[in-house]
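Residue numbers (this note's numbering), protein chains in the order written: chain A, 1 to 167; chain B, 1001 to 1184.
Backbone N, C-alpha and C fix where the C-beta goes; we use that ideal spot for every residue, glycine too.
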Amino acid sequence: MLVFEDETTITQKPCIRKSMSFQGELEKIEHNGSKNKFSTYISMLWPDQNLMYDFYDVMNSNNTIDHLENLRKYVMKIRWKRLILIWDNASFHISRIVHEYIKKQINWLTIIYLPKKSPYLNPNERKVNQQIKSYVCANRFYENIENQKAAVSEYLDKRFGRWNNDI
Amino acid sequence: MRSASKLNLSRAQKIGLESLMNNTTSKSEYRRVLAILQKSEGRSYEDIGHEHAVNIRSVQRWVAAFIHGGIEEVKIKKTPRGSKSRITDENKEIILSVLFNDPHIFGYLRNTWSLRSLARCLTDELDISISFKHLQRIIRDIGIRCKRPKLELLHGRDYEERKEKVKNYKHVASALKKRSDVSI
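Below, the structure written as structure tokens:
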């Protein structure tokens, strides 16, 4: 099975996108100046385009391994022979800890690294990350970061569907 | 030689014609009014027709129309062009109300409308068959523009109090500085 993986950071501060308003009037979006944010690890099954995602506070090697563990649980449960994971060269993808973890998972996991500085080769970037920013986070301030996570989760579930629903 | 008959105009008619001549933006309307005024000066149809490069019958028709119907008959009537729009004023109000409502209400997974998604929503959900381009024209005519909104910071409860405090310190800053210089 082929899976594309990518991460995105979502901030509580709203993303600004153009919207309709009367000539001479300016729409104002209020926010409380919060710098809270969370990271989403998204794996997209190709070509079905179903997602498996996890929310974390930061992007780092430990969270990457945690996400890979979730993938492993699913692969073991469904009894897929092998998972081919394609991801970019982020520092936490090529770190020593992650490398060591991947070496141990050789029986079910194959990692393919995208060429450097070529995000256009990863469909996650435009199909998921951009859509979250412009559809869920655009021009709306969520009072609570948990509400924002719920909104992102609802959007991803309705728009793409999960491939790990039964876990 | 027979002299040309003169068209008798009242003062009010003359003022009305002159004001129409000054206000009109149509070249042919201006020409008609001028022809009637020239006729009232006692000039012949042939002479007027020759000056304006039109047939004598045209001048006669203009003058006759003025005599029978007054100034309104001289004006060129504009006929509406093209087919009548299927989007009524009622539909425009619906479009406005949808535009300023949350797309989530209509089952769209987005926070802001794009014109394409709005056109799709109106066609599918509200039975107002409209294309993206038509919607774009209507929205522009109403006076709605696509703009980047402004982010505004919400202030806490003690914002005004603290702001006042900082303002006061700014006032006395020079005095405080002097005092510290002296002590040094």
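Within the stretch 87-129 of chain A, the runs of beta strand (DSSP E) that reach at least 3 residues and sit entirely inside it are, in chain order, 109-113.
Per DSSP, Asn50/A is one residue of the beta strand (DSSP E) stretching across Asn50 to Tyr56. Straight-line spacing of the CA atoms in Gln1060/B and Arg1081/B works out to 29 Å. Put simply, the CB of Gly1143/B is near chain A, with a gap under 9 Å to one of its CB atoms. For His31/A, the nearest CB of chain B lies under 9 Å from its own CB, placing it at the interface with that chain. Straight-line measurement puts the Cα of Asp57/A at about 26 Å from the Cα of Ile112/A. The straight-line gap separating the alpha-carbon atoms of Ile1095/B and Ile1139/B is approximately 9 Å. Here Lys1150/B carries a strand assignment [DSSP, helix/strand/coil]. Nearest to Arg140/A by alpha-carbon distance, out of Glu27/A, Val128/A, Met76/A and Gly161/A, is Glu27/A. Only Arg1145, Cys1146, Lys1147, Arg1148, Pro1149, Lys1150, Leu1151, Glu1152, Leu1153 and Leu1154 from the stretch 1145-1160 of chain B bring a Cβ to less than 7 Å from some Cβ of chain A. The beta-carbon of Phe38/A is placed no less than 9 Å from the nearest beta-carbon of chain B. Of all residues in the stretch 1109-1128 of chain B, the ones placed with a Cβ closer than 8 Å to any Cβ belonging to chain A are Leu1109, Arg1110, Asn1111, Thr1112 and Trp1113, in chain order.
Here the alpha carbons of Ser1129/B and Ser153/A stand approximately 33 Å from one another.
By DSSP's assignment, Leu1122/B forms no beta bridge with any residue. Along the stretch 1077-1116 of chain B, the alpha helix (DSSP H) occurs as fully enclosed runs of 4 or more residues at 1089-1099, listed in sequence order.
Beta bridge pairing from DSSP links Lys37/A with Thr11/A. For Ser1028/B, the enclosing alpha helix (DSSP H) stretches over residues Lys1027 to Ser1040. Counting along the chain, the unbroken beta strand (DSSP E) around Ile29/A starts and ends at Lys28 to His31.
Under the three-pair Cβ rule at 8 Å, the stretch 133-150 of chain A counts as touching the stretch 1109-1126 of chain B.
Each of Leu1122/B, Ile1067/B and Arg1116/B was checked against the Cα of Lys1133/B, and the nearest Cα belongs to Arg1116/B. DSSP, read as helix, strand or coil, puts Met20/A in strand. Taking each of Ile84/A, Val75/A and Glu100/A in turn and checking the Cα distance to Ser61/A, the smallest one comes out for Glu100/A. Met44/A is a Cβ neighbour of Phe4/A, given a cutoff of 9 Å. Residues of the stretch 1077-1105 of chain B with a C-beta atom less than 7 Å from some C-beta of chain A are Leu1099, listed in chain order.
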